[in-house]
Structures are given as structure tokens and as C-alpha cells.
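Student: Below is one structure. I have some questions about it.
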Amino acid sequence: MDIEGCIKYLDYVSNECNRRLNRGRVTDDELINFIIELERFKGKCLSSQLPEELKVKIDELKMNYTVKGVERGAWYLIAAAATFGSWALLIHFRQQSQRKKLLNEIQFDTSRLSSFIRLNY
3 MDIEGCIKYL DYVSNECNRR LNRGRVTDDE LINFIIELER FKGKCLSSQL PEELKVKIDE
63 LKMNYTVKGV ERGAWYLIAA AATFGSWALL IHFRQQSQRK KLLNEIQFDT SRLSSFIRLN
123 Y
């Protein structure tokens, strides 16, 4: 991986995040795919001949997201029935906002790192 490849890849990820954020909906699969791709990117960069300072900056990209399924036990069914399904809707909107927030963080971090590389290398 060379510096030009890093810049192109980071710009691509930033643009893809922005495109999905503009669409207004982010799925768990999309988010997990971004995280997997960024982890691969980090691995390639860390094992390449890039400058150490740049490797440290790339390694600082942290994405902590795990898919936690909503338990649908008896309490969930009772709450959903009592609120006519609005409980499930609230949980869905909360998860969607968390996904958007993380995707926004990924977009910001990749854009910032791309600018850092352009200015310093």
C-alpha cells in the first residue's frame, strides 16, 4: 500500500459513508462491511512500507460496533402489545440513529486522515 493508494481508499470510504448518510438509512450489514473493510485496510497499511507516523495515525482508526439483537422475550411482547407496537418502533429508530452516528464518525475520521496525508506527505 502506498500513500496515493491510502488517499484514494480513504476518499472512497468517506464518499460511500456520505452517500449512505444522505440516503437516510443505514443497515447493520452495511456498517459491518465498512468496519471489516477498514480493518483490512489497516492491516495492509500496517504491513506496508508507509512511514511510521502514518501507520500510527491509521492504527488510531477505531470502530467499536457490535450487532446486538433485541431480545424479544415476554417483556418485549407485553411492552409491544401494551404500546401498540410503538416500543418496537422506538427501538428501531434508536438503533438507526446509532448506526448513522457511527457511520458519520467513520466518514469524519477517514476524511480527516485523508486530509492529514495530503498535507503532510
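Residue numbering for the sequence shown follows this note's numbering, beginning at 3 and increasing consecutively.
Backbone N, C-alpha and C define an ideal beta-carbon position, used for all residues, glycine too.
Can you find the residues in the same chain that come closer than 6 Å, C-beta to C-beta, to Val-72, ignoring five residues on each side of it along the sequence?
Tutor: Here residue 72 refers to the residue found at position 70 when the sequence shown is read from its first residue. Confidence at Val-72 is low in this model, with a pLDDT of 36, below 50, so the placement of that residue should be treated as unreliable; the coordinate-derived value is given next. Result list for Val-72: Ile-93, in chain order.
Student: Have a look at Arg-96, Tyr-123, Arg-101, Asn-122 and flag the residue whose alpha-carbon is nearest the alpha-carbon of Val-28.
Tutor: As a first step, residue 28 is located in the sequence shown; it is residue number 26 there, counting from the start. Of the candidates Arg-96, Tyr-123, Arg-101, Asn-122, the one whose C-alpha sits nearest the C-alpha of Val-28 is Arg-101.
Student: From what residue to what residue does the alpha helix (DSSP H) around Tyr-123 run?
Tutor: What you label residue 123 is simply residue 121 of the sequence shown in a count that begins at 1. Segment: none, Tyr-123 is in no alpha helix (DSSP H) and carries neither H nor E.
Student: Between which two residues does the alpha helix (DSSP H) carrying Asp-13 extend?
Tutor: Residue numbering aside, residue 13 sits at position 11 when the sequence shown is read from its first letter. Residues 5 to 25.
Student: Quick one: what does DSSP say Gln-109 is sitting in, helix, strand or coil?
Tutor: Mapped onto the sequence shown, residue 109 falls at position 107. Three-state result, Gln-109: helix.
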